[in-house]
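So the sequence lines, in the order shown, correspond to chains A and B.
Using this note's numbering, read the first sequence as starting at 643 and increasing by one per residue.
Using this note's numbering, read the second sequence as starting at 643 and increasing by one per residue.
Below: the structure, in structure tokens.
2 protein chains.
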Amino acid sequence: MALLAFFKLGFRCWKQNVICFKKNSTFFFQTFSSILQSEEYGRLLSGLDIAKTIQTSLRDQVKKLKLQHSYLTPQLAIVQVGSREDSNVYIRMKLKAAENIGIIATHLCLPSNTNQTELLRALSHLNLNPSVHGIIVQMPLDSVNMIDSTLITDAVIPSKDVDGLNTINQGKLAVGDLVSGFLPCTPNGCVELIKRTGTRIEGSRAVIIGRSKIVGTPTAELLKWHNATVTICHSKTKNLPEVVAGADILVVGVGQPNMVKGDWIKQGAVVIDCGINHFPDTKRLSGYRLVGDVDFEQARKRVSWITPVPGGVGPMTVAMLMKNTVLAALKCNKP
Amino acid sequence: MALLAFFKLGFRCWKQNVICFKKNSTFFFQTFSSILQSEEYGRLLSGLDIAKTIQTSLRDQVKKLKLQHSYLTPQLAIVQVGSREDSNVYIRMKLKAAENIGIIATHLCLPSNTNQTELLRALSHLNLNPSVHGIIVQMPLDSVNMIDSTLITDAVIPSKDVDGLNTINQGKLAVGDLVSGFLPCTPNGCVELIKRTGTRIEGSRAVIIGRSKIVGTPTAELLKWHNATVTICHSKTKNLPEVVAGADILVVGVGQPNMVKGDWIKQGAVVIDCGINHFPDTKRLSGYRLVGDVDFEQARKRVSWITPVPGGVGPMTVAMLMKNTVLAALKCNKP
């Protein structure tokens, strides 16, 4: 009887092992297969996820700051003229992020009949307000009057220019001073994304398509000062696919949906897509979907990493703005 | 008799023709041979010659200005600390050029024990002096005290920053404003040289080696805004010869004698050598000769145009400084 029980137990264990083995094998092959499959596609460089970790860190920083200096809460003023819907969306994102972190964010919304003098006067008050550490002017200005946007950007005192777009801050970045001013938010976000892939920027070939003041130009400068060999392309560049094919790191900011084709891209490149374009899509209630400047579906078969649109660069821009605001408060507090 | 005279004349003419033909043929073959020979070598892009034509034009401009406004003579203040021999040479060139053009140039030579505060004070006086239209501070500062050269450069009021090195002017150039400030002299000189070759900058591939504030960075920006596709290389660039080989236009400013080898260079490229290096040469009384950053003898077998050192970029830098000074006086005079 004991022997029978022994054999029954043995059989049961053996059967259990076979079941386990089958389960594990299935799991193994399924996982291996999905790894192989994902090897065909580059990984998604989620700005959304990375921005969350940055915001968590900023939240802790702000808490410490308040503990050390009870009077000091970083404060950001967002100035808007008019009420463009896209601007409204971006401002809401910024207000929400600020609230999440513990930054006081005020939204000064001026009517669309505001003229240049009135806007300058509003900025002047904010410049002089010691409680306000950072000031941004949401672009584009939605005014019925002619307003020189460069004049406006330069009217923000450099020590509060948390957008980093003041000509002085642009100049500092150009000549390699990455510390005494503020780095523009989108470029800083792009470089932060690239760093998170583990890709070595130093010595790499970086190609930037676009030379705007907000994205292309400062991103090129920033990558140059991180020791990449940088090539800047634009609307007058010849043989663009050939130039793109040389890029280990590709940053695109041109505002043209799906302009950069997958087969232009070097195998294994890191692609940062700064484009936000409305692309007609009748399947959506809104009638459009958001696409970037890179043909995502094609590109992802070749890249090692690629930012999605939306959910890539956009959230990082907001995170960098918050980071600059906290930095402004810290600098302000230094003796 | 008449017939004999006729034949004699005919013979004489024929003989003369043969002599002429021989002379012409010799001349033809000699010239053709030298053309062939010079086809093996790129043409010299003489900054000395081009600077002379620019100075002639500026001289006329200054004359007209004085006729229109008798009180108005462009005035340039050159501030030097200490007395480095190389600085003395450059300042003499600038004073001479100014005199040649009709610009009043004053040389404020401060002793080497000058400190930062004293230098700032001197600059402040010049900033406030309405007769002074342009101010340059000759670098490097030869002082026994620590002086922040960026602070000094930024202390020159932007409207008199005829060196174009103030951070604001650097920022303007970075974002494409080529008119409201002053373009840095050496980069502006480089671009002027390139234009004079007839080479189309737009759409070309331009490679800049060096990212200094004075040469590399602003030259890259300026070429970018002239619509070249620009690549910036530096000490951390990998495979530099490969990058150089792609350049239609190559600008080198690294301060390393003969660094760029001839066989790196694309056949027919335009090469602008901004280097001024003392190279040991026992055959010379001084013990050295001036060489650029490009191996000139090798490079000229491949280029279409190349600047000599000396006599290339240096004179153009001075010419552009004079141009900026006249421009400063003109701007100052505008209501």
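For glycine and all other residues, C-beta sits at the position ideal for the given N, C-alpha and C.
Residue interval of the beta strand (DSSP E) (run including residue i)
i: Cys-875/A; result: 871-875
i: Asn-919/A; result: 919-922
i: Ile-914/A; result: 912-915
i: Val-933/A; result: 930-933
i: Val-721/B; result: 717-723
Distance between beta carbons of residue j and residue i, contact taken as under 8 Å
i: Val-786/B; j: Asn-755/B; result: 6 Å
i: Ile-794/A; j: His-749/A; result: Contact flag wrong, Cβ pair sits at about 17 Å.
i: Gln-807/B; j: Lys-855/B; result: Looking at the sequence provided, one finds Leu at residue 807/B rather than Gln. The pair is a contact, with the Cβ atoms about 7 Å apart (cut-off 8 Å).
i: Ile-891/B; j: Ile-874/B; result: Not really, about 13 Å apart at Cβ, beyond 8 Å.
i: Gln-898/A; j: Asp-935/A; result: 6 Å
i: Met-980/B; j: Ile-789/B; result: In the structure displayed, chain B extends from 643 to 977; residue 980/B sits before or after that span and is not available.
i: His-984/A; j: Ala-961/A; result: Residue 984/A lies beyond the stretch modelled for chain A, which goes from 643 to 977, so this question has no answer here.
i: Thr-839/A; j: Val-912/A; result: 5 Å
i: Gly-953/A; j: Gly-689/A; result: 6 Å
i: Leu-718/B; j: Val-804/B; result: 7 Å
i: His-711/B; j: Asn-975/B; result: 6 Å
CA nearest to the CA of residue i, picked from the options
i: Gly-904/B; options: Leu-882/B, Phe-921/B, Asn-919/B, Ile-918/B; result: Leu-882/B
i: Val-857/B; options: Glu-884/B, Arg-763/B, Pro-800/B, Gly-917/B; result: Gly-917/B
i: Arg-853/A; options: Val-872/A, Pro-772/A, Lys-837/A; result: Val-872/A
i: Val-955/A; options: Pro-826/A, Gly-724/A, Tyr-683/A, Pro-800/A; result: Pro-826/A
i: Asp-915/A; options: Leu-737/A, Leu-686/A, Gly-813/A, Met-735/A; result: Leu-686/A
i: Gly-895/B; options: Gly-684/B, Val-951/B, Asn-869/B; result: Val-951/B
i: Leu-972/B; options: Ile-745/B, Ile-948/B, Leu-690/B; result: Ile-745/B
i: Asn-919/B; options: Leu-932/B, Val-913/B, Ile-907/B, Ser-791/B; result: Leu-932/B
i: Trp-947/A; options: Asp-728/A, Val-936/A, Tyr-683/A, Ile-696/A; result: Tyr-683/A
i: Ala-862/A; options: Phe-648/A, Cys-832/A, Cys-751/A, Ser-773/A; result: Cys-832/A
i: Pro-829/A; options: Gln-697/A, Ser-801/A, Gly-840/A, Trp-867/A; result: Trp-867/A
i: Arg-726/A; options: Phe-921/A, Asp-803/A, Asp-784/A; result: Asp-784/A
i: Leu-700/B; options: Leu-646/B, Ile-743/B, Val-893/B, Gly-823/B; result: Ile-743/B
i: Asp-819/B; options: Leu-865/B, Cys-974/B, Val-798/B, Glu-834/B; result: Leu-865/B
i: Glu-939/A; options: Val-902/A, Asp-923/A, Lys-802/A; result: Val-902/A
i: Ala-797/A; options: Val-821/A, Leu-770/A, Ser-822/A; result: Leu-770/A
i: Val-893/B; options: Arg-944/B, Val-723/B, Thr-949/B; result: Thr-949/B
i: Gly-724/B; options: Ala-740/B, Val-885/B, Cys-751/B; result: Cys-751/B
i: Thr-695/A; options: Phe-824/A, Gln-710/A, His-767/A, Leu-835/A; result: Leu-835/A
i: Val-886/A; options: Asn-900/A, Asp-805/A, Lys-908/A; result: Lys-908/A
i: Pro-922/A; options: Ala-941/A, Ser-791/A, Asn-900/A, Trp-656/A; result: Asn-900/A
i: Lys-943/A; options: Thr-924/A, Asn-975/A, Trp-906/A; result: Trp-906/A
i: Thr-792/B; options: Thr-698/B, Asn-869/B, Gln-758/B; result: Gln-758/B
i: Lys-738/A; options: Val-945/A, Gly-652/A, Gln-697/A; result: Gln-697/A
i: Glu-741/A; options: Trp-656/A, Asn-869/A, Thr-715/A; result: Thr-715/A
i: Tyr-713/A; options: Gly-823/A, Asp-728/A, Pro-772/A; result: Pro-772/A
Residue i beta carbon near the ligand NAD (any heavy atom closer than 7 Å)
i: Ser-791/B; result: This structure lacks the ligand NAD, and indeed carries no ligand of any kind.
Unbroken alpha helix (DSSP H) run spanning residue i, endpoints
i: Ile-696/B; result: 689-710
i: Gln-940/A; result: 938-941
i: Leu-815/B; result: 809-816
i: Lys-925/B; result: Unbroken run through Lys-925/B: none, as it is neither H nor E.
i: Met-962/B; result: 955-975
*Minimum length 4: unbroken alpha helix (DSSP H) runs contained in the segment 740-801 of chain B*: Here the runs fully enclosed are 758-770, 791-797.
*Kindly confirm or deny that the segment 877-885 of chain A and the segment 838-846 of chain B touch, where touching means at least three C-beta pairs closer than 8 Å.*
Verdict: yes, contact present.
*Touch check for the segment 961-976 of chain B and the segment 916-935 of chain B: three-plus C-beta pairs under 8 Å?*
Judged by pairs of C-beta atoms under 8 Å, the segment 961-976 of chain B does not touch the segment 916-935 of chain B, as fewer than three such pairs exist.
*Which runs of the beta strand (DSSP E) spanning at least 3 residues fall entirely within the segment 837-893 of chain A, listed in chain order?*
Complete beta strand (DSSP E) runs here, min 3: 847-851, 871-875.
*Inspect the CB distances between the segment 757-771 of chain A and the segment 687-706 of chain A and report whether three or more fall short of 8 Å.*
No: fewer than three Cβ pairs fall under 8 Å.
*Decide yes or no for the touch test of the segment 771-783 of chain B against the segment 726-740 of chain B: beta carbon pairs closer than 8 Å, at least 3 of them.*
They touch, by the three-pair rule.
*Three-pair Cβ contact test at 8 Å for the segment 812-820 of chain A versus the segment 800-820 of chain B*: Counting Cβ pairs under 8 Å, three or more are found: they touch.
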